[in-house]
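Undergrad: Residue numbers for the sequence shown follow full-length UniProt numbering, so the first one is 1 and each next one is one higher.
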Amino acid sequence: MKITEVLLNTHRFEATKAFYGSLLGMEVLEETTSRLSFGAGDSVLAFQENSLMENEFYHVAFAIPTNKFIEAKQWVIERGISLISRSGEDEFLFEGWNATALYFYDPDHNLIEFIAHHSLDNGVDEAFGSKHLLRISEIGLPVDNVPEFCEKITEMFQIDSWGEAGQQFTPLGDAEGLLIVIDKERPWFPDDRVPCGFNTKVVIKGAGSASLSLQNGLYELRSI
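#1: At 3 residues or longer, and completely inside the segment 91-178: list those beta strand (DSSP E) runs for me, N to C.
#2: Which residues does DSSP pair with THR200 in a beta bridge?
#3: Who are the near neighbours of GLY25 in its chain, counting only those whose CB is closer than 6 Å to its CB and skipping five residues on each side?
#4: Could you tell me the alpha carbon to alpha carbon distance between PHE82 and GLY197, rounded to whole angstroms?
#5: In terms of alpha-carbon separation, which member of THR4, MET53, ASN216 lies closest to PHE38?
#6: Counting only runs that start and end within the segment 2-88, where is the beta strand (DSSP E) found for 3 or more residues in a row?
#7: With DSSP as the reference, label VAL194 as helix, strand or coil.
#8: Could you pull the DSSP bridge partners for ALA210 from this structure?
#9: Rounded to whole angstroms, what's the CA-CA distance from ILE153 to LEU7? Just pull it up for me.
#10: Taking contact to mean 3 or more Cβ pairs, one atom from each stretch, closer than 8 Å, check whether the segment 56-70 and the segment 118-133 are in contact.
#11: Within 10 angstroms of the Cβ of VAL28, are there 16 or more other Cβ atoms? Answer buried if so, exposed if not.
#12: Hey, is the segment 50-59 in contact with the segment 92-112, meaning 3+ C-beta pairs nearer than 8 Å?
#13: Answer yes or no: do ILE180 and ILE139 have a C-beta to C-beta separation smaller than 8 Å?
#14: Roughly how many whole angstroms lie between the Cα atoms of PHE13 and GLY80?
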């Protein structure tokens, strides 16, 4: 499964434009007075301005080449971005996923992740740069009932859990793209903030052709 587009809300429009466009070097694909979209490899990351946002935040992960984690970490640090640490560590190995990740915040305090899946054959020889943000790898979806939510998605899109399905946390998809379904009372890793669901639109590829509105219209999921 691949995530081709994600539409999020922002209440820091100009800061978001500068962060993703100038600092991270993503190509601006579209810009209006209230909407921005950036190219993130094979995916589109879009933002809609929403002044009603307060403390809401999202979790988004970007895939990077399997052999470029250390370079990517240095690249982030060189841009003056502080990495999120836990117990003194800012590199996180997920053995069950065969992946390594780092985390930081964007201007809206969204939880942003760079993740290298070592099971994928996507290594490169050249120095790491913004063009090596290969795609959106994950989007977090905080929900009231994880098993019930996942059942609806699996039934509509035939997307299975990646690894063990849990009562409070279930990743749906595969190493190419994951919907991170999390109980709204379960803290995010690694910063232990309690999730908060906010309007999210997701377009995926590789799951037939269908659309679904979930969590009382909070989430819109479409497959192409």
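C-beta atoms are modelled at their ideal positions from N, C-alpha and C, and glycine is treated no differently.
Nothing here was measured: the structure is a model prediction, and the numbers come from that model.
TA: Reading it off the structure:
#1: Every beta strand (DSSP E) stretch that sits fully inside the segment 91-178 and reaches 3 residues is listed by chain position as 92-94, 99-105, 111-117, 135-143, 169-174.
#2: According to DSSP, which records beta bridges pairwise, THR200 is partnered with TYR219.
#3: Excluding the 5 residues flanking it on each side, GLY25 has same chain C-beta neighbours closer than 6 Å at SER130, in chain order.
#4: Note on identity: in this sequence residue 82 is Ser, with Phe being the wrong assignment. Those two C-alpha atoms are separated by around 25 Å.
#5: Ranking THR4, MET53, ASN216 by Cα distance to PHE38 puts THR4 first.
#6: Listed in chain order, they are 2-10, 27-31, 35-40, 43-49, 59-63.
#7: Reduced to three states, the DSSP call for VAL194 is coil.
#8: ALA210 is bridged to SER223.
#9: Annotation: ILE153 to LEU7 spans about 18 Å, alpha carbon to alpha carbon.
#10: The segment 56-70 and the segment 118-133 touch, with no fewer than 3 CB-CB distances between them shorter than 8 Å.
#11: VAL28 should be labelled exposed.
#12: Taking 8 Å as the limit for Cβ pairs, the verdict is that the segment 92-112 does touch the segment 50-59.
#13: Contact flag set, yes.
#14: Here the alpha carbons of GLY80 and PHE13 stand approximately 20 Å from one another.
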